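Numbered per the working numbering, the sequence shown spans residues 1 to 61. Backbone N, C-alpha and C define an ideal beta-carbon position, used for all residues, glycine too. What you are looking at is a predicted structure, and each value in this text was computed from that prediction instead of being measured. A short worksheet on the structure shown next.
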Amino acid sequence: MIDVWSFANFLWELLSRKIPYKNQGIYTIRNFMKNDLPLPLPDDLPLEMRKIFESCWKKFL
1 MIDVWSFANF LWELLSRKIP YKNQGIYTIR NFMKNDLPLP LPDDLPLEMR
51 KIFESCWKKF L
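Laid out in structure tokens, this is it:
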């Protein structure tokens, strides 16, 4: 399951052109991952891409 999570994070980086967890402390990032919280999806994300993310993260949403 972690491979699917990582794939979705990789797609997130490509589409958003942002660095995940930027300006977050190591403990905040650790808690984010420990609690299985997905990255926030960009507002302008096309519906089809949103569906891909949701299928990758369905366990975590």
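Range covered by the alpha helix (DSSP H) that runs through residue i
i, result
"TYR27", "26-34"
"LEU47", "47-56"
8 Å Cβ shell around residue i - same chain, five flanking residues per side excluded
i, result
"LEU15", "PRO42, LEU45 and MET49"
"SER10", "First, the residue type needs correcting, since residue 10 is Phe and not Ser in the sequence shown. Closer than 8 Å at the Cβ level, and outside the excluded window around PHE10, lies no residue."
"ILE19", "GLU13"
"ASP3", "none"
Residues near residue i by beta carbon distance below 6 Å, same chain, minus five either side
i, result
"ALA8", "PHE53, CYS56 and TRP57"
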